[in-house]
């Protein structure tokens, strides 16, 4: 049980940091085009939707790649007390790392 709590807490913290970085990047890029009476979507909801969208796109690409290459993967992966699909874990992990990699590339290109 403590292992599951630690794993869950670590995943939660990664999600929080990734979403925070996505919000920061979106606010940096976004200009204020809002008009009077126009509803605005919150940066948090945009960042969460972006996280899920990126993870879903990566997942679909990995499924097509694994299917094309006929790679044999286990159907479930046991991480502590949690059983997950391997491709879902990889796609979600890459989606969590994407904003940090974007920041590193931005800083690297600036120098």
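In our numbering, the protein residues as written are 61 to 171.
For every residue, glycine included, the Cβ atom is placed at its ideal position computed from N, Cα and C.
- Query: Taking DSSP as the reference, what is the three-state secondary structure of residue 137?
  - Reply: strand
- Message: Classify residue 70: buried if its beta carbon has 16 or more other beta carbons within 10 angstroms, exposed otherwise.
- Response: It counts as exposed.
- Whose C-beta lies closer than 7 Å to the C-beta of residue 112 among residues of the same chain, with five residues either side of it excluded? Here the set comprises nothing.
- Message: Using the Cβ count rule (16 or more neighbours within 10 Å means buried), how would you classify residue 163?
- Response: Label assigned to residue 163: exposed.
- Query: Would residue 152 be called buried (16 or more neighbouring beta carbons within 10 Å of its own) or exposed?
  - Reply: Label assigned to residue 152: buried.
- Tell me, to the nearest whole angstrom, how far the beta carbon of residue 159 is from that of residue 105; I am working on the premise that it is less than 8 Å. 16 Å between Cβ atoms; not a contact.
- Item | DSSP-derived helix/strand/coil call for residue 131 | coil
- Distance, residue 143 Cα to residue 133 Cα: 14 Å
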